[in-house]
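Structure, as structure tokens:
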Amino acid sequence: MPAHGAETGVYAISVVAQLLGTGQQNIRLYERRGLLTPDRTSGGTRQYSDSDLAVLKRIGELLDEGLNLAGVAKVLELEAANAKLRIDLKRARARSGA
């Protein structure tokens, strides 16, 4: 059995929909739009991780703020790029002793 972690898919789509108060079709739409990629079992069943739940919550927040799915995709892309840059900067500072 795989270890439970932020990146390990453990939640079924029905559970995720209930936890987030949204429909399963919305979650499938977000996946089709490339906003998240859940794990799949050998039989093809979606399994969502804690990280996927966080992304879905963020999607909901952005939609509530009035963005459309194209805007949501761009914001998620920019947030991921920003997080990577912050990590790179932290590593560079650690190497230079700053």
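Quick note on the working numbering: the sequence shown kicks off at 21 and runs consecutively.
In this text, a Cβ means the ideal position worked out from N, Cα and C, and glycines have one as well.
Quick caveat, the model's predicted, so the values are computed rather than measured.
{"Query": "Identified DSSP bridge partners for arginine 60", "Result": "Arg66"}
{"Query": "Nearest-angstrom Cα separation, counted from alanine 103 out to arginine 52", "Result": "24 Å"}
{"Query": "Presumed contact (8 Å Cβ cut-off) between valine 92 and leucine 55, rounded CB distance", "Result": "7 Å"}
{"Query": "Length of the line joining the Cα atoms of tyrosine 50 and glycine 117", "Result": "42 Å"}
{"Query": "Cross-strand partners of tyrosine 50 (DSSP beta bridge)", "Result": "Tyrosine 50 pairs with nothing; no bridge assigned."}
{"Query": "C-beta contact flag for leucine 96 and leucine 82 at 9 Å", "Result": "yes"}
{"Query": "7 Å Cβ shell around arginine 66 - same chain, five flanking residues per side excluded", "Result": "Ile33, Pro58 and Arg60"}
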